[in-house]
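**Student:** Quick note: this note's numbering has the sequence shown finishing at residue 295, numbered continuously throughout.
I have a structure I would like to understand better, so I am pasting it below and will then ask my questions one at a time.
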Amino acid sequence: MIQSMTGFGKHVIQLPTKKVTIELKSLNSKSLDLNARMPNAYREKELELRKLIATSLVRGKIDFGLYIENTGDETSTQVNEVVVRQYMKQLASIAQGDDFKLLEMALNLPDALKTEREDIDEEEYNTILEVLKEALLEINKFRLQEGVVLEEDFVQRIKNMESLLEKVAKIDPERQEGIRERLEKAVADMKAEVDENRFEQELIYYLEKYDITEEKVRLANHLDYFSKTLKSADSNGKKLGFISQEIGREINTIGSKANYAPMQQLVVQMKDELEKIKEQMLNVL
11 MIQSMTGFGK HVIQLPTKKV TIELKSLNSK SLDLNARMPN AYREKELELR KLIATSLVRG
71 KIDFGLYIEN TGDETSTQVN EVVVRQYMKQ LASIAQGDDF KLLEMALNLP DALKTEREDI
131 DEEEYNTILE VLKEALLEIN KFRLQEGVVL EEDFVQRIKN MESLLEKVAK IDPERQEGIR
191 ERLEKAVADM KAEVDENRFE QELIYYLEKY DITEEKVRLA NHLDYFSKTL KSADSNGKKL
251 GFISQEIGRE INTIGSKANY APMQQLVVQM KDELEKIKEQ MLNVL
């Protein structure tokens with residue numbers, strides 16, 4: 011079953027003094043492109059978190075956000091009293107003002123507040139890992155749901171191309187007969203004697219040159235292989251992309267050999283179906 015690279019996952023948990031929120035968003039990308047936002051205190055754990063995300067999501071442009079909100083009375087940010095008093099003293103020497111106004115100005119100056127680095131609490135970090143795993147489950151569920159929609163679209167378009175290929179096969183004898191008639195008419199219009207054996211050999215060569223039997227067989231096989239790959243256990247967008255390229259080659263060859271307007275119209279329709287598959291293929295994991 012295929013998966014989309016588009017997805018969203020979010021999980022929130024309330025600890026005694028903190029609320030932990032993890033968000034994951036993903037879009038399509040040729041490789042893994044992970045952007046992480048988290049408190050500085052957890053930067054030392056970033057590689058471990060990235061590895062867990064990469065193992066689960068494999069590919070895509072991924073935004074990962076870890077947000078920790080203090081809900082208790084404790085805070086790691088404190089007023090740098092010595093610095094603030096020095097600021098107030100200097101400000102008072104420059105301009106007159108009451109203490110409240112000077113304090114307000116001083117608090118907006120650099121280093122007025124200091125944040126004490128907190129050591130990572132292992133129990134809290136283990137909880138964050140569990141929250142991340144839940145968010146990963148959610149985003150993968152989202153990707154699977156999007157994948158079902160993509161698969162339904164692919165199945166229908168492959169069926170459309172198979173139907174068009176059947177029409178190509180049906181009118182092929184008519185096309186070959188038309189080629190024969192045009193050649194015979196061209197020779198007749200020359201009003202010159204022609205060696206019948208030589209003419210028959212040239213006719214066979216010309217018909218073989220425009221024969222599309224092999225292309226029809228290969229195209230049918232590629233379409234069938236695409237359908238079977240869709241049903242495989244793993245999502246493999248790159249493999250489906252390679253099969254799409256092979257489908258395109260056979261369609262183009264049929265188009266170049268057709269030399270027959272009704273068949274070329276069918277080829278254009280097949281190209282249109284394939285192009286829509288390729289557009290959606292960019293989202294497949």
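By construction, the Cβ of each residue, glycine as well, lies at the ideal position given by its N, Cα and C atoms.
It should be emphasised that the depicted structure is a prediction, and the values quoted were computed from it without experimental measurement.
Would you identify the three-state DSSP class for Gln96, choosing helix, strand or coil?
**Tutor:** On the sequence shown, position 86 is the one that residue 96 refers to. Gln96 falls in the helix class under three-state DSSP.
**Student:** On a CA-only basis, which of Ile253, Gln274 and Arg228 is nearest Ser237? Give me that one, please.
**Tutor:** Here residue 237 corresponds to residue number 227 of the sequence shown, with the count starting at 1. Among Ile253, Gln274 and Arg228, the Cα nearest to that of Ser237 is on Ile253.
**Student:** If you reduce the DSSP assignment to three classes, tell me which class Ile261 lands in.
**Tutor:** The count along the sequence shown starts at 1 and reaches residue 261 at position 251. Three-state DSSP puts Ile261 in a helix.
**Student:** Could you work out which residue in Gly75, Arg60 and Leu142 is closest to Thr69 when comparing CA atoms only?
**Tutor:** Residue mapping note: residue 69 aligns to position 59 of the sequence shown, counting from 1. With the sequence shown as reference, residue 69 is identified as Arg, and Thr is not the correct amino acid for it. For the residues Gly75, Arg60 and Leu142, the minimum Cα distance to Arg69 belongs to Arg60.
**Student:** Let me check understanding here. Comparing Cα to Cα, which of Asn136, Ile72, Val89 and Glu285 lies closest to Glu114?
**Tutor:** The sequence position of residue 114 within the sequence shown is 104, counting from 1. Per the Cα distances, Val89.
**Student:** Between Ala145 and Gly19, how many whole angstroms is the CB-CB distance? I'm expecting something under 8 Å.
**Tutor:** One-based indexing of the sequence shown puts residue 145 at position 135. One-based indexing of the sequence shown puts residue 19 at position 9. The Cβ separation is near 4 Å, so the contact holds.
**Student:** Roughly how many angstroms lie between the CA atoms of Asp234 and Val158, to the nearest whole one?
**Tutor:** As a position in the sequence shown, residue 234 is number 224, starting the count at 1. As a position in the sequence shown, residue 158 is number 148, starting the count at 1. Distance between the alpha carbons of Asp234 and Val158: 19 Å.
**Student:** Can you give me the start and stop residues for the beta strand (DSSP E) that Ala51 sits inside?
**Tutor:** By one-based count along the sequence shown, residue 51 stands at place 41. Counting along the chain, Ala51 falls outside any beta strand (DSSP E), and DSSP gives it neither H nor E.
**Student:** How should Gln13 be labelled, buried or exposed, when 16 other C-beta atoms within 10 angstroms of its C-beta is the threshold for buried?
**Tutor:** As a first step, residue 13 must be located in the sequence shown, where it is residue number 3. Gln13 comes out buried.
**Student:** On the premise that Arg167 lies in contact with Ile287, defined as a C-beta separation below 8 Å, what is that separation, rounded to the nearest angstrom?
**Tutor:** One-based indexing of the sequence shown puts residue 287 at position 277. One-based indexing of the sequence shown puts residue 167 at position 157. Ile287 to Arg167, Cβ: 5 Å. Contact.
**Student:** List the endpoints of the continuous beta strand (DSSP E) containing Ile25.
**Tutor:** Here residue 25 is taken as the residue at index 15 of the sequence shown, counted from 1. The residue asked about is misnamed: residue 25 is Leu in this sequence, not Ile. Segment: none, Leu25 is in no beta strand (DSSP E) and carries neither H nor E.
**Student:** Who are Leu34's beta bridge partners in DSSP?
**Tutor:** Position 24 of the sequence shown, counted from the first residue, corresponds to residue 34. Note: Leu34 sits in a beta bridge opposite Gly19 and Phe74.
**Student:** Could you work out which residue in Val178, Lys55 and Leu119 is closest to Ala268 when comparing CA atoms only?
**Tutor:** Numbered from its first residue, the sequence shown carries residue 268 at position 258. Nearest option by C-alpha distance: Val178.
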